[in-house]
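A.B. asks: This structure is in structure tokens; I'll ask about it shortly.
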Amino acid sequence: MPLTLAHVSDLHVSTFGDTFHDRARIVKRSARVADTSAARLEVVWSEAGWRVLRERETRGKKLHIVDPDGYAHPLPSKSQSTLIDPIERAAEKACRLEARRAKTLATADPSLGALATLAESTPKNSNVRLLRAVRQVEASDVDFVAITGDLTDDGDGYELIEAAFDRWKSAGKLLAVPGNHDLYLFPLAGSGRPRPSQASKRAAWLAFAKRIGLLVQTCGAWVRELPESDTIIVGLDTCVRPQRRFFRHNGAVGEEQLAWLKTYASSNAWKSARHRVVMLHHHVVPLPHGVGRRAPSEIGMRLDDAKSAAEIFDEIGVTLVMHGHRHISEERQPAGCKFRLLAAPSLTLGCRSGDGPSFWRVKLDENVHSTRVYIDLEPVDEDEDPGISTEQLPEADIHDPS
Ligand SMILES: [Fe+2]
Ligand SMILES: [Fe+2]
728 MPLTLAHVSD LHVSTFGDTF HDRARIVKRS ARVADTSAAR LEVVWSEAGW RVLRERETRG
788 KKLHIVDPDG YAHPLPSKSQ STLIDPIERA AEKACRLEAR RAKTLATADP SLGALATLAE
848 STPKNSNVRL LRAVRQVEAS DVDFVAITGD LTDDGDGYEL IEAAFDRWKS AGKLLAVPGN
908 HDLYLFPLAG SGRPRPSQAS KRAAWLAFAK RIGLLVQTCG AWVRELPESD TIIVGLDTCV
968 RPQRRFFRHN GAVGEEQLAW LKTYASSNAW KSARHRVVML HHHVVPLPHG VGRRAPSEIG
1028 MRLDDAKSAA EIFDEIGVTL VMHGHRHISE ERQPAGCKFR LLAAPSLTLG CRSGDGPSFW
1088 RVKLDENVHS TRVYIDLEPV DEDEDPGIST EQLPEADIHD PS
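For the sequence shown, counting from 1, position 77 maps to 804 in this note's numbering; every step adds exactly one.
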């Protein structure tokens, strides 16, 4: 029986849909849960778990916005709103953030019209973009959805992914591997927002993997055997190695997963399958992003053991490798390799070539058929420090948020 799947990648959802790719709009909030127990505070507005608190001692001049998770948000200035009353301004900000919050969108099931309204004022919001993109994945009528990492921008927002892809999740047909954004940490100056730890990020990924029915081995890999479609899909974790330095996002499959893969490949199930598919986040070969362009810098981004991984993929007869990470849409059969390769761009932010978001619709029958399906969304430019090119920065300061 033929199998169809949507290869999507790099969703970059987050608590409020803000991403490192649009740093000017990062939602700042307290790094720790705010202490709101003091008797000096009174609630002057509340809705959906959000509160605006006033300090009694300042005769009502000092206000605080606190979100449903207990984090404090800065008050909007007069120039950020047409409202004159500061309490109304604070409530307006709370309502705007609440409407884009991953937890809220996960249960709200907003209509296309409602999503269009949200997108009008925040066109780069990845949470809103995901829900709009999924409508087009649904229209492509695929059996499985395979996500190749960077599901989240900073380890939060999994519930929105589960809600968006519920049709496949509830059928046990949602597959995923983690990316560097899901598991590694970012250099963030100051205390502008809560900071996850490597342990909290890994726990969130593993809990998500369990909820969608993936049996992740201790080495980080999982396997799904689909004998009715003559197919086996293996997921590899390229961030299974603890991050060495926080500005380094290099990945590695690692000896343990490669050994597991070789052992698994000796099974009859693997040897007799027609399609032997591997999903991973980091790229196996550097990819140019368009005709006449060089591959983007590899610093801090590469797969350290790409060579040995590719050799083993060929040795055990992998037929198709699917990955994400560089936000580049490309299909190729790399020189010197027997496997085919599909690189998916970001489903929410687009492709580095300048193309808008897209995904691969893959049909596996006697052959592999892949079609690029474009999503009707504009690409999101990556913000760079003004006037500073990555070539001018010392390696330690280079941050590429793919
Ligand atoms: Fe990535
Ligand atoms: Fe990414």
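Cβ atoms here follow ideal geometry from the backbone N, Cα and C, with glycine treated the same way.
Is it true that the segment 765-773 meets the segment 813-828, where meeting means three or more beta-carbon pairs spaced less than 8 Å apart?
C.D. replies: The segment 765-773, when compared against the segment 813-828, does touch it at the 8 Å Cβ threshold.
A.B. asks: Whole angstroms are fine: how far does the CA of L790 sit from the CA of P1013?
C.D. replies: One C-alpha to the other measures close to 50 Å.
A.B. asks: Return the CA-CA distance between G876 and Q1060, expressed in angstroms with no decimal places.
C.D. replies: So the alpha carbons of these two residues sit roughly 21 Å apart.
A.B. asks: Taking the alpha carbon of R1088 as the reference point, which residue from H1096, K755, A948 has its own alpha carbon closest?
C.D. replies: When each option's Cα is compared against that of R1088, the closest is H1096.
A.B. asks: Would you check if the distance between the CB atom of P1072 and the CB atom of H1054 is smaller than 7 Å?
C.D. replies: Cβ atoms of P1072 and H1054: closer than 7 Å.
A.B. asks: Drop a sphere of 10 angstroms on the beta-carbon of D1103, count the other beta-carbons inside from all chains shown, and report buried for 16 or more, exposed for fewer.
C.D. replies: Burial call: exposed.
A.B. asks: Ligand 2 and D909: does the residue's C-beta get closer than 6 Å to at least one heavy atom of that ligand?
C.D. replies: Every heavy atom of ligand 2 is 6 Å or more from the Cβ of D909, so no.
A.B. asks: Should D877 be counted as a contact of ligand 1 given a C-beta to heavy atom distance under 6 Å?
C.D. replies: At least one heavy atom of ligand 1 is nearer than 6 Å to the Cβ of D877, so yes.
A.B. asks: Go ahead and pull the three-state DSSP assignment for K900.
C.D. replies: K900: coil per DSSP, three-state reduction.
A.B. asks: Taking the alpha-carbon of H1008 as reference, which of R1001, P1015, L1030, Q970 has the nearest alpha-carbon?
C.D. replies: Of the candidates R1001, P1015, L1030, Q970, the one whose C-alpha sits nearest the C-alpha of H1008 is L1030.
A.B. asks: Would you say the segment 928-947 touches the segment 884-903, given that touching needs at least three Cβ pairs under 8 Å?
C.D. replies: At 8 Å Cβ cutoff, the stretches touch.
A.B. asks: To the nearest angstrom, how far is it from the Cα of R1079 to the Cα of V1048?
C.D. replies: Using only the alpha carbons, I get a separation of about 20 Å.
A.B. asks: Is the Cβ-Cβ distance between V1018 and A1037 less than 7 Å?
C.D. replies: The answer is no: Cβ separation not under 7 Å.
A.B. asks: In terms of alpha-carbon separation, which member of E1057, F1066, H1050, M1028 lies closest to I1043?
C.D. replies: With distances taken between Cα atoms, I1043 lies closest to F1066.
A.B. asks: Taking buried to mean at least 16 other C-beta atoms within 10 Å of its own C-beta, is A765 buried or exposed?
C.D. replies: When all chains shown are included, A765 counts as exposed.
A.B. asks: Can you tell which of L730, K851, K755, G744 has the C-alpha that lies nearest to the C-alpha of G671?
C.D. replies: The chain is shown from 728 up to 1129; residue 671 falls before or after that span and cannot be answered.
A.B. asks: Tell me the rounded alpha-carbon separation between F747 and L839.
C.D. replies: Each residue's Cα considered, the two are about 26 Å apart.
A.B. asks: What does the Cβ neighbour count give for L942, buried or exposed, with the cut at 16 atoms within 10 Å?
C.D. replies: Exposed, since its Cβ has fewer than 16 Cβ neighbours within 10 Å.
A.B. asks: Between F743 and R894, what straight-line distance do the alpha-carbon atoms span, to the nearest angstrom?
C.D. replies: Cα to Cα, the separation comes out at about 23 Å.
A.B. asks: Can we count H1016 as close to ligand 1, meaning its CB is less than 6 Å from some heavy atom?
C.D. replies: Every heavy atom of ligand 1 is 6 Å or more from the Cβ of H1016, so no.
A.B. asks: Does the distance between the C-beta of D881 and the nearest non-hydrogen atom of ligand 2 fall short of 6 Å?
C.D. replies: Incorrect: D881 has no Cβ contact closer than 6 Å to ligand 2.
A.B. asks: Whose CA, out of Y911, T1098, T879, P905, lies closest to the CA of G962?
C.D. replies: For the residues Y911, T1098, T879, P905, the minimum Cα distance to G962 belongs to P905.
A.B. asks: Quick one: is the Cβ of D737 within less than 6 Å of any heavy atom of ligand 2?
C.D. replies: Under cutoff, so the answer is yes.
A.B. asks: Between the alpha carbons of F1040 and H1050, how many angstroms are there, rounded?
C.D. replies: Approximately 14 Å between the Cα atoms of the pair.
A.B. asks: Excluding the 5 residues preceding and the 5 following A721 in the sequence, name in chain order all residues of the same chain whose CB lies nearer than 6 Å to its CB.
C.D. replies: The displayed coordinates of the chain run from 728 to 1129. Any statement about residue 721 would go beyond what the structure contains.
A.B. asks: When DSSP builds the beta bridges, which residues end up paired with A890?
C.D. replies: None; A890 has no bridge partner.
A.B. asks: What residues in its chain sit with their C-beta under 7 Å from that of A826, if we drop five residues either side in the sequence?
C.D. replies: Cβ within range, chain order: L845.
A.B. asks: Taking the alpha-carbon positions, what's the V1083 to A829 distance?
C.D. replies: First, the amino acid is wrong: residue 1083 is Gly here, not Val. Roughly 23 Å between the two C-alpha positions.
A.B. asks: For K851, which residues of its own chain have a beta-carbon under 6 Å away from its beta-carbon, when the five flanking residues on both sides are left out?
C.D. replies: Excluding positions up to five away in sequence, the list reads D749, V1107.
A.B. asks: Check whether the Cβ of G947 lies closer than 6 Å to any heavy atom of ligand 1, and answer yes or no.
C.D. replies: Checking every heavy atom of ligand 1 against the Cβ of G947, none is found closer than 6 Å.
A.B. asks: With 16 other CB atoms within 10 Å as the buried threshold, where does N854 fall?
C.D. replies: Buried is the call here.
A.B. asks: Between the segment 970-979 and the segment 991-1000, are three or more C-beta pairs nearer than 8 Å?
C.D. replies: At 8 Å Cβ cutoff, the stretches do not touch.
A.B. asks: Kindly indicate which residue of Q970, P954, L730 has the alpha-carbon position closest to the one of L910.
C.D. replies: Looking at the Cα atoms, Q970 is the closest of the given residues.
A.B. asks: If we ignore side chains and look at the alpha-carbon of each, how far apart do A758 and A821 end up?
C.D. replies: So the two alpha carbons sit approximately 18 Å from each other.
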